[in-house]
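A.B. asks: Structure in structure tokens, see below.
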Amino acid sequence: MKKALIDLGSNTIRLSVYHADEDRHFSLLFSQKEFAGLATYITDRRMSRDGFDKACSTIVKFKGILSNFGISEMDIFATASLRNIKNTDEAVKYIFDVTGENVTVLSGEEEAELGYRGALLNTDISSGVIFDIGGGSTEIVKFRDRTIVSAESCEIGSLNQFNTYVSEIWPNKAEIKNIKLNVKAIISSYENDSTFDTICGIGGTNRALISLANAYFKKPLDNDEITSEEFKALQKIILKRDDTAKKLILKNCPNRIHTIIPGMLITDEIMKNFDYKRLLISRNGVREGYLCQRML
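The numbers in numbering that gives the first Met the number 0 rise by one with no breaks, and the one at position 134 of the sequence shown is 133.
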């Protein structure tokens with residue numbers, strides 16, 4: 000059976016279609032994403048009608064793609080894109096009126112837990128920290144013996160940090176400092192626990208980081224680990240904002256050229272706060288967690 004899922008994120012809207020069997024095993028058939036930037040349509044914590052229309056037009060586009068494959072049913076969920084605005088109910092109603100589709104708005108705790116469930120599908124970590132940097136929020140889950148200790152969401156994301164602090168495409172030194180101070184003030188509230196031995200990143204920002212690292216250090220495409228030394232070296236290259244950095248980003252994650260530095264600064268602060276020596280990147284995340292927990 001085929002299962003279709005649309006993820007309305009603050010930065011990216013993604014369509015994923017999976018094949019699943021009766022034993023809840025699944026494989027990704029195909030996916031398509033649109034960099035909608037819904038967070039850029041928010042003023043005073045309210046999304047504009049243009050933002051609603053952007054979400055609707057993307058959903059309609061994806062429905063057209065699905066109809067070509069004979070798929071008429073789908074699940075749609077939203078994260079910080081609709082959760083962190085004052086007019087959430089208005090947005091959900093507008094989307095239903097225009098597209099005929101219901102949207103499930105995940106709470107921060109639900110998003111964190113589903114990301115954790117997705118990440119564990121293809122990793123053998125028993126205890127550690129899993130974090131997901133989105134466009135509008137970052138989720139942090141601490142777990143021990145595959146049991147969640149805490150699951151929280153904070154309103155810092157790669158796109159909202161860009162929108163708040165960056166005046167051009169890339170932040171200047173003063174803007175980088177401001178992002179660091181803001182992120183540190185929030186992340187430092189999460190208590191470090193030395194009994195956790197692994198930190199795992201999920202989501203688009205972390206997948207972009209592993210692509211940059213694999214390209215720069217000439218590692219296999221399926222490598223999923225970055226050491227702290229490699230991360231520091233990569234960040235030093237990117238923060239120079241010179242031709243080497245630009246070419247590296249444009250070749251490996253061009254659609255994130257404006258958000259990769261804010262996202263990297265968030266990852267850096269999380270790694271410092273929890274004092275980890277390696278960062279593991281999981282290709283699965285909240286979508287796969289939603290698929291298994293809510294659809295199968």
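For each residue, glycine too, the CB sits at the ideal point set by N, CA and C.
1) Please report the straight-line C-alpha distance between residue 176 and residue 150, rounded to a whole angstrom.
2) Applying the criterion that 16 or more other CB atoms from any shown protein chain within 10 Å of the CB defines a buried residue, is residue 0 buried or exposed?
3) Please name the residue or residues paired with residue 200 in a DSSP beta bridge.
4) With a 10 Å radius around its C-beta and 16 neighbouring C-beta atoms as the bar for buried, classify residue 173 as buried or exposed.
5) Give me the Cβ distance between residue 86 and residue 45, rounded to the nearest whole Å; I'm assuming they're in contact under 8 Å.
6) Spell out the partners DSSP gives residue 46 in its beta bridges.
7) Leaving out the 5 sequence neighbours to the left and right, which residues in its chain are closer than 8 Å to residue 286 when beta-carbon positions are compared?
8) Restricting to Cα atoms, I'd like to know which of 187, 139 and 75 is closest to residue 293.
9) In this structure, what does DSSP give as the bridge partners for residue 157?
10) For residue 166, count neighbouring Cβ atoms within 10 angstroms of its own Cβ and tell me buried if that reaches 16, exposed if not.
11) Classify residue 3 as helix, strand or coil using the three-state DSSP reduction.
12) Is residue 50 near residue 64, with beta carbons less than 9 Å apart?
13) Suppose you measure from the CA of residue 220 to the CA of residue 89; what does that come to, to the nearest Å?
14) Please state whether DSSP places residue 140 in a helix, a strand or coil.
15) Within a Cβ cutoff of 6 Å, which residues of the same chain sit near residue 34, ignoring the five residues on either side of it in sequence?
16) Apart from the five residues just before and just after residue 148, which ones in its own chain have a Cβ nearer than 7 Å to its Cβ?
17) Excluding the five sequence neighbours on either side, which residues of its own chain have a C-beta within less than 8 Å of the C-beta of residue 380, listed in chain order?
18) Under the DSSP definition of a beta bridge, which residues are partnered with residue 13?
19) Quick check on DSSP: helix, strand or coil for residue 65?
20) Please confirm whether residue 55 and residue 93 have their CB atoms less than 9 Å apart.
21) Residue 135 to residue 23, Cα distance in whole Å?
22) Under a Cβ-count criterion, where at least 16 other Cβ atoms within 10 Å of its own Cβ denotes burial, should residue 158 be classed as buried or exposed?
23) Spell out the partners DSSP gives residue 74 in its beta bridges.
24) Look at residue 78 and residue 133 and say whether their C-beta atoms are less than 9 Å apart.
C.D. replies: Judging by the given coordinates:
1) Along the sequence shown, one-based indexing puts residue 176 at 177. Along the sequence shown, one-based indexing puts residue 150 at 151. Roughly 28 Å between the two C-alpha positions.
2) Within the sequence shown, the letter at position 1 stands for residue 0. Classification for residue 0: exposed.
3) Here residue 200 corresponds to residue number 201 of the sequence shown, with the count starting at 1. DSSP lists 130 and 280 as partners of residue 200.
4) Translated into the one-based positions of the sequence shown, residue 173 becomes position 174. Label assigned to residue 173: exposed.
5) Position 87 of the sequence shown, counted from the start, is the residue given in the question as residue 86. Position 46 of the sequence shown, counted from the start, is the residue given in the question as residue 45. The Cβ separation is near 5 Å, so the contact holds.
6) For the purposes of this step, residue 46 is taken as residue 47 along the sequence shown, with counting starting at 1. Beta-bridge pairing links residue 46 to 41.
7) What you label residue 286 is simply residue 287 of the sequence shown in a count that begins at 1. Taken in chain order, the residues that qualify are 4, 6, 13, 15 and 117.
8) Walking along the sequence shown from the start, residue 293 turns up at place 294. If we check each option's Cα against that of residue 293, 75 comes out closest.
9) Residue numbering aside, residue 157 sits at position 158 when the sequence shown is read from its first letter. In the DSSP output, where bridge partners are listed per residue, residue 157 has none listed.
10) In the sequence shown, residue 166 corresponds to position 167, counting from 1. It is exposed - the Cβ of residue 166 has fewer than 16 other Cβ atoms within 10 Å.
11) Numbered from its first residue, the sequence shown carries residue 3 at position 4. In the structure shown, residue 3 sits in a strand (DSSP, three-state: E or B).
12) Here residue 50 refers to the residue found at position 51 of the sequence shown. Here residue 64 refers to the residue found at position 65 of the sequence shown. Their beta carbons are not under 9 Å apart, which means residue 50 does not touch residue 64 by this criterion.
13) Counting from 1 along the sequence shown, the entry for residue 220 is found at position 221. Counting from 1 along the sequence shown, the entry for residue 89 is found at position 90. Distance between the alpha carbons of residue 220 and residue 89: 43 Å.
14) In the sequence shown, the residue the question calls residue 140 occupies position 141. The answer is strand: DSSP assigns residue 140 an E or B state.
15) Taking the sequence shown and counting its residues from 1, the one referred to as residue 34 is at position 35. Counting only Cβ-Cβ distances below 6 Å, and skipping sequence neighbours, we find 11 and 254.
16) For the purposes of this step, residue 148 is taken as the residue at position 149 of the sequence shown. Contacts found: 141 and 142.
17) Only positions 0 to 295 of the chain appear in this structure, which leaves residue 380 out of reach.
18) As a first step, residue 13 must be located in the sequence shown, where it is residue number 14. Its beta-bridge partners are 6 and 32.
19) Residue 65 sits at position 66 when you count from the first residue of the sequence shown. Correct three-state label for residue 65: helix.
20) Reading the sequence shown from its first residue, position 56 is the one you call residue 55. Reading the sequence shown from its first residue, position 94 is the one you call residue 93. Yes, these two residues count as a Cβ contact at 9 Å.
21) Stepping through the sequence shown from its first residue, residue 135 is reached at position 136. Stepping through the sequence shown from its first residue, residue 23 is reached at position 24. Between residue 135 and residue 23, the C-alpha separation is close to 31 Å.
22) Working through the sequence shown from its first residue, we reach residue 158 at position 159. By the 10 Å Cβ count, residue 158 comes out buried.
23) In the sequence shown, counting from the first residue as 1, residue 74 sits at position 75. 4, per the DSSP bridge assignment.
24) On the sequence shown, position 79 is the one that residue 78 refers to. On the sequence shown, position 134 is the one that residue 133 refers to. A contact, by the Cβ cut-off of 9 Å.
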